[in-house]
Every structure is written in structure tokens, then in C-alpha cells.
Amino acid sequence: MSIAVRSATTTWDGALASGTGTFGATSSGALDGQEVTWVSRTEAPGGKTSPEELLAAAHSSCFSMALALTLSNHKLTPTRLVVSAEVHLDPVNDVPTITTSNITVNGTVPGVDAATFASLVDEAAALCPVSRLFAGAAIAVDAHLEA
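For the sequence shown, my numbering begins at 303 and goes up steadily by one.
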């Protein structure tokens with residue numbers, strides 16, 4: 303049995319270069335009405351999103367949850383975790399391909415040193431479900447423990 307199931311539907315109107323996609327029927331309703339276009343994906347966002355931005359949001363939020371859980375499992379409580387993800391769409395053999403997700407972690411965690419923090423970030427990376435989904439992609443993590 304699944305822990306959670308979420309869904310989204312995109313309706314696309316028109317050709318790729320001039321068309322527009324609109325999200326609707328998302329599980330939470332939070333993305334309903336949000337538009338996506340080829341231009342917003344490859345040039346200027348113009349208030350619209352892209353699959354890469356949505357993947358970055360999914361990866362950064364998932365990673366932050368995995369790290370919070372990992373810290374908790376080691377009896378540590380973060381004051382703050384700021385996790386950013388940068389997802390790259392690159393040409394591979396002239397085909398647009400999502401190749402990389404770079405994660406940056408800045409954490410304030412009382413009672414932990416930098417080496418231990420780095421080890422716990424690695425543990426969280428192996429735990430994060432989105433990281434495991436991206437297992438075939440290059441995922442780089444840059445973590446910093448803040449005072």
C-alpha cells in the first residue's frame with residue numbers, strides 16, 4: 303500500500319513553441335491554473351513554471367524532510383535547514399535531457415560538528431525518495447553547517 307499518492311493533469315493547447323500548458327486537477331489544488339510553456343522552460347519564466355522548476359521544488363522539499371528525519375534519528379534538532387535544488391535541462395545527443403540536480407544545504411544544527419553534519423547529509427541523500435527517483439541522474443550535494 304502506498305504511503306501517499308498525488309496527481310496532476312496538464313492540458314496543452316497549441317504547438318510546442320507557441321502553445322501553453324495549464325495544470326488542473328492537482329491533488330492539493332495548489333498548482334491548479336499554473337501555466338507552463340516552452341519559452342518559460344527554456345528562456346524567461348515570465349511568471350510561468352517549468353518541469354525543471356517543479357522537479358527542483360520536489361527535490362529540495364523532499365531532501366529537507368529526509369535531512370530533518372535523519373537528524374531526528376540521531377537525536378538532533380535543526381534550528382533551520384535551507385535546501386536548494388538546481389535542476390539542469392541539457393542537450394544530450396541533440397535531445398533536451400534532465401541531467402543533473404545540484405542540492406545545496408545550509409543548516410543550523412546545535413550540538414553537531416561539520417564532519418558529523420556532512421555524514422548525516424550523506425545519510426539523508428540516500429534516504430530522500432526523490433533522490434532515489436533521480437538515481438540515474440547526477441546529483442551533487444553541497445552542505446554547510448552554520449553557527
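Heads up, the beta-carbon is just placed ideally off N, CA and C, and yes, glycines get one too.
Here the structure is a predicted model, which is why all the values come from computation and not from measurement.
- Here the C-alpha atom of Pro-380 lies approximately 14 Å from the C-alpha atom of Ala-420.
- Contact check for Thr-339 against Gly-349 fails: the beta carbons are separated by 8 Å or more.
- Under the 8 Å Cβ criterion, the segment 422 to 429 does not count as touching the segment 379 to 394, having fewer than three qualifying pairs.
- Annotation: Thr-351 to Glu-345 spans about 11 Å, alpha carbon to alpha carbon.
- Taking 8 Å as the cut-off, the beta carbon of Ser-403 is found no closer than this to the beta carbon of Leu-383.
- Between Gly-413 and Leu-378, the gap from beta carbon to beta carbon is short of 8 Å.
- Our two residues, Asp-334 and Thr-312, have alpha carbons roughly 9 Å apart in a direct line.
- In the three-state scheme derived from DSSP, where H, G and I count as helix and E and B as strand, Val-414 is classed as coil.
- Around the Cβ of Gly-409, a 10 Å sphere holds 16 or more other Cβ atoms; the residue is buried.
- With distances taken between CA atoms, Ala-440 lies nearest to Ile-405 out of Ile-405, Glu-355, Val-411.
- Beyond the five residues adjoining it in sequence on each side, Ser-329 comes within less than 6 Å, by CB distance, of Arg-308, Ser-309 in the same chain, given in chain order.
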